[in-house]
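Structure first, then comments.
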Amino acid sequence: MAAHRVAVLALDGVTPLDLAIPTQIFTTRPETPYEMTLCALDTKVATTAGFALLAEGGLEQVRTADTVIVPGFEPLLSLPDAVLDTLAEARDRGRRVVSICTGAFALAAAGVLDGLHATTHWKHIDEFERSFPAVTVDRDVLYVDEGDVLTSAGVCCGIDLCVHIVRRDLGAEVANRIARGLVAAPHRDGGQAQYVPAPVAVAGEASLSGTRGWALQRLGEPLTLRVLARHAGLSQRTFMRRFTEETGTTPLQWVLNARLGRARELLETTDLSVDQVARDCGLGTAANLRLHFRRTLDTTPTAYRRTFTHSTSRSPVSSPAVPRTDQLPPGCPGPPAPAAATWG
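Following the UniProt record's numbering, the numbering of the sequence shown begins with 1 at its first residue and continues without gaps.
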């Protein structure tokens, strides 16, 4: 494979987690063509965590890169003209330009996002919209793909975006392999959970996202392969193949994960009995719910509720929000709520 040069541009005030995401995903591997270089205006870069980083590359490496990625940084800091000019030049030359989280502020300041759709961290999205009226802000997505310009929402959405880029470049198999290595979902539907009560399609995403969203609204109903394939208008065989390519898992395993995610949310946010939780999430009986909790999470529903909720904070709900953990890998121990902590 021909080498694909990736420049990760660390700006002063860079967020270490945002920086770690692309440097991990685009590091050199035998099965990928990426050659990643950490770049900065100056060799030493201050981070929001109080320590400094040493960058091996400068703006010259950014100018020669095929893909330029700007991780999140403190958006109140002003950016040097040299940085803004370099980002604008990359866009003008047709290079792929990407931002993670508040890195969108740098792309917008350079004019890269003018006339395009973009997103950023939910905390800063109002400020972003006020500051850059030439940009159409999408609040309800994990990331936006505008071809050669891509932006992600807060923090962990950078994983979604970078895996999406790998999937675009190299196909689902390589992307899924990298996602599994990160113990991350190969693909997630949905938006920034702080604002959106139900999943919406990600810009440019695959055609079966509509069926997955439809299924998430009906977890308490029978969701067989036949039912899902019929909704998608495909044969069962074609549906199975395409679904697995897009999500990295089978339809029925995906449904089970979604139901467990919903059960976890109901246990955290309501006082519903375990029997009622089992019925509402589509697992039928308390015994079946306990079986899957023990297999997947190595705990019981009651113990899970004690661990991840406070009795004074729960109240019955008639229509709970769709869970944000439907795509978590089996066995992931973390709780799905609060969504801000889980998904950035």
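From the three backbone atoms N, C-alpha and C, an ideal C-beta is built for every residue, glycine too.
Whole-number beta carbon distance between residue j and residue i, since they are thought to touch under 8 Å
i: residue 115; j: residue 88; result: Not confirmed; about 14 Å, so no contact.
i: residue 71; j: residue 15; result: 6 Å
i: residue 136; j: residue 96; result: That belief does not hold up - the Cβ atoms of residue 136 and residue 96 are roughly 20 Å apart, past 8 Å.
i: residue 150; j: residue 83; result: The Cβ separation is near 19 Å, so there is no contact.
i: residue 62; j: residue 90; result: 7 Å
Rounded straight-line distance, which links the Cα of residue j to that of residue i
i: residue 168; j: residue 175; result: 9 Å
i: residue 157; j: residue 210; result: 20 Å
i: residue 123; j: residue 165; result: 25 Å
i: residue 6; j: residue 126; result: 30 Å
i: residue 142; j: residue 64; result: 29 Å
i: residue 207; j: residue 229; result: 12 Å
i: residue 316; j: residue 278; result: Legend: pLDDT at residue 316 = 33, less than 50; position of this residue unreliable, value from coordinates given subsequently. Whole-angstrom Cα-Cα distance: 15 Å.
i: residue 81; j: residue 163; result: 31 Å
i: residue 120; j: residue 108; result: 11 Å
i: residue 254; j: residue 140; result: 22 Å
i: residue 177; j: residue 93; result: 31 Å
i: residue 197; j: residue 217; result: Bear in mind that the predicted position of residue 197 carries a pLDDT of just 32, short of 50, making it too unreliable to give a figure here.
i: residue 79; j: residue 42; result: 13 Å
i: residue 293; j: residue 21; result: 30 Å
i: residue 237; j: residue 249; result: 14 Å
Residue i and residue j closer than 9 Å at C-beta
i: residue 102; j: residue 75; result: yes
i: residue 347; j: residue 148; result: Any answer about residue 347 is impossible in this case: the structure gives the chain only from 1 up to 344.
i: residue 305; j: residue 256; result: no
i: residue 110; j: residue 145; result: no
i: residue 260; j: residue 291; result: no
i: residue 153; j: residue 246; result: no
i: residue 12; j: residue 45; result: yes
i: residue 215; j: residue 263; result: no
i: residue 234; j: residue 242; result: yes
i: residue 69; j: residue 113; result: no
Simplified DSSP assignment, three categories, for residue i
i: residue 146; result: coil
i: residue 4; result: strand
i: residue 99; result: strand
i: residue 39; result: strand
i: residue 104; result: helix
i: residue 72; result: coil
i: residue 152; result: strand
i: residue 227; result: helix
i: residue 220; result: coil
i: residue 79; result: coil
i: residue 210; result: helix
Test: residue i CB closer than 9 Å to a CB of chain D
i: residue 238; result: Absent from the structure is chain D; it holds one protein chain and no more.
At least 3 beta-carbon pairs within less than 8 Å: the segment 211–228 vs the segment 272–284: They touch, by the three-pair rule.
Given 8 Å, three or more beta-carbon pairs between the segment 52–71 and the segment 25–42: Contact holds: three or more Cβ-Cβ distances are below 8 Å.
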